[in-house]
Amino acid sequence: GIQVEQSPPDLILQEGANSTLRCNFSDSVNNLQWFHQNPWGQLINLFYIPSGTKQNGRLSATTVATERYSLLYISSSQTTDSGVYFCAGQGGSEKLVFGKGTKLTVNP
Amino acid sequence: DGGITQSPKYLFRKEGQNVTLSCEQNLNHDAMYWYRQDPGQGLRLIYYSQIVNDFQKGDIAEGYSVSREKKESFPLTVTSAQKNPTAFYLCASSRGGRTGELFFGEGSRLTVL
Numbered sequence: 028g029i030q031v032e033q034s035p036p037d038l039i040l041q042e043g044a045n046s047t048l049r050c051n052f053s054d055s056v057n058n059l060q061w062f063h064q065n066p067w068g069q070l071i072n073l074f075y076i077p078s079g080t081k082q083n084g085r086l087s088a089t090t091v092a093t094e095r096y097s098l099l100y101i102s103s104s105q106t107t108d109s110g111v112y113f114c115a116g117q118g119g120s121e122k123l124v125f126g127k128g129t130k131l132t133v134n135p
Numbered sequence: 014d015g016g017i018t019q020s021p022k023y024l025f026r027k028e029g030q031n032v033t034l035s036c037e038q039n040l041n042h043d044a045m046y047w048y049r050q051d052p053g054q055g056l057r058l059i060y061y062s063q064i065v066n067d068f069q070k071g072d073i074a075e076g077y078s079v080s081r082e083k084k085e086s087f088p089l090t091v092t093s094a095q096k097n098p099t100a101f102y103l104c105a106s107s108r109g110g111r112t113g114e115l116f117f118g119e120g121s122r123l124t125v126l
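Chains as they are written, first to last, in the numbering used here: chain G, 28 to 135; chain Z, 14 to 126.
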């Protein structure tokens with residue numbers, strides 16, 4: 028099945044800094060999503076982005092399907108951005124495969 | 014408000030007991046999913062259902078059972094056959110088809126003593 032690799036595994040920032048999180052896939056995907064898990068465990072869908080670029084406030088995502096990767100950009104980070112960011116991809120099977128996540132800590 | 018409700022949020026059980034986790038959605042989604050998350054890990058799929066009265070095993074179905082008698086409800090039973098049941102359990106739903114956007118409940122944290 029498809030393999031999903033996320034980097035970096037951990038990231039520590041000062042409030043106001045920008046960051047880029049990366050997600051690599053072992054095979055082509057036609058369904059790619061980014062999620063944020065807050066410290067209480069709730070997972071929020073950030074982007075559904077099988078290709079192209081989308082923006083939502085300080086967050087944006089770009090997927091380059093032909094090169095099998097996706098990037099999540101966080102600008103002017105805030106302490107509330109802390110948590111774990113997951114990407115998940117789906118190729119030929121019906122199942123979405125999750126990466127192990129990037130744990131982001133934003134310090135005040 | 015539309016969403017996915019999981020209950021209970023926290024559950025403690027003795028070893029050897031079955032436990033059922035509830036998941037209800039009012040998003041009118043066809044597909045529902047159960048995932049398991051262990052500390053520092055990603056999500057692993059336990060079971061999924063794309064239509065009422067039908068469900069399929071995911072990657073780690075052993076020791077779990079589900080039912081899908083109503084579109085809104087997809088309860089998960091953690092049986093005594095599950096060797097390591099202590100974990101965080103997440104229910105999700107999507108419109109269906111090839112998964113689509115996935116929406117999650119708040120999760121249920123099960124601790125087996």
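Every residue gets a Cβ at the ideal spot worked out from N, C-alpha and C, and that includes glycine.
Fair warning: this is a prediction, and the values are worked out from it, not measured in the lab.
Measure how close the beta-carbons of Ser117(Z) and Ile17(Z) come, nearest whole angstrom, since I'm counting them as under 8 Å.
-> For clarity, residue 117(Z) is Phe in the given sequence; the question names Ser instead. Confirmed, Cβ separation roughly 7 Å.
Of all the residues that make up the region 100–116 of chain G, which are near chain Z by a beta-carbon distance shorter than 7 Å?
-> Hits within the stretch, in order: Phe113.
Could you name the residues of the region 62–77 of chain G whose beta carbon sits closer than 7 Å to any beta carbon of chain Z, in the order they occur along the chain?
-> Cβ contacts with chain Z: Gly68, Gln69, Leu70, Asn72, Tyr75.
Assuming Leu123(Z) and Arg26(Z) make a contact with CB atoms under 8 Å, what is their CB distance in whole Å?
-> Yes, they are in contact, since the Cβ atoms of Leu123(Z) and Arg26(Z) sit about 7 Å apart, within 8 Å.
Chain-ordered residues of the region 53–78 of chain Z with a beta carbon less than 9 Å from chain G = Within the region 53–78 of chain Z, Gly53, Gln54, Gly55, Leu56, Arg57, Leu58, Tyr61, Gln63, Gln69, Gly71, Asp72 place their CB atoms closer than 9 Å to a CB of chain G, listed in sequence order.
Hey, quick one: how far does the beta strand (DSSP E) through Phe62(G) stretch, first residue to last?
-> Here the beta strand (DSSP E) through Phe62(G) covers 58–64.
Show which residues of chain Z have a CB atom less than 7 Å away from the CB atom of Lys127(G).
-> At a C-beta separation below 7 Å, Lys127(G) has these neighbours in chain Z: Gln54, Gly55.
Roughly how many angstroms separate the alpha carbons of Gln64(G) and Gly29(Z), rounded to a whole number?
-> Going by the C-alpha atoms only, they are around 31 Å apart.
Just the Cα atoms here: how many angstroms apart are His42(Z) and Ser78(Z)?
-> Cα to Cα, His42(Z) sits roughly 21 Å from Ser78(Z).
CB contact below 8 Å: Leu123(G) versus chain Z | It does: the Cβ of Leu123(G) has a partner Cβ on chain Z nearer than 8 Å.
Does the separation of the CB atoms of Thr132(G) and Tyr112(G) fall below 8 Å?
-> In this structure, the beta-carbon distance from Thr132(G) to Tyr112(G) does not fall below 8 Å.
Option nearest Glu75(Z) by Cα separation, candidates Arg81(Z), Leu89(Z), Ser35(Z), Ile64(Z) | Checking every option, the nearest Cα to that of Glu75(Z) belongs to Leu89(Z).
With a 10 Å radius around its C-beta and 16 neighbouring C-beta atoms as the bar for buried, classify Trp47(Z) as buried or exposed.
-> Buried is the call here.
Entirely enclosed beta strand (DSSP E) segments - the region 36–101 of chain Z, minimum 3 residues = Here the runs fully enclosed are 44–50, 56–64, 67–70, 77–79, 89–91.
Roughly how many angstroms lie between the CA atoms of Lys127(G) and Val91(Z), to the nearest whole one?
-> Cα-Cα distance, rounded: 24 Å.
What residues of chain G sit near Leu144(Z), judged by a beta carbon separation below 7 Å?
-> Residue 144(Z) is absent from the model: chain Z starts at 14 and stops at 126.
What does Thr90(G) pair with, by DSSP beta-bridge criteria?
-> Among the bridge pairs identified by DSSP, Thr90(G) is matched with Gly79(G), Ser97(G).
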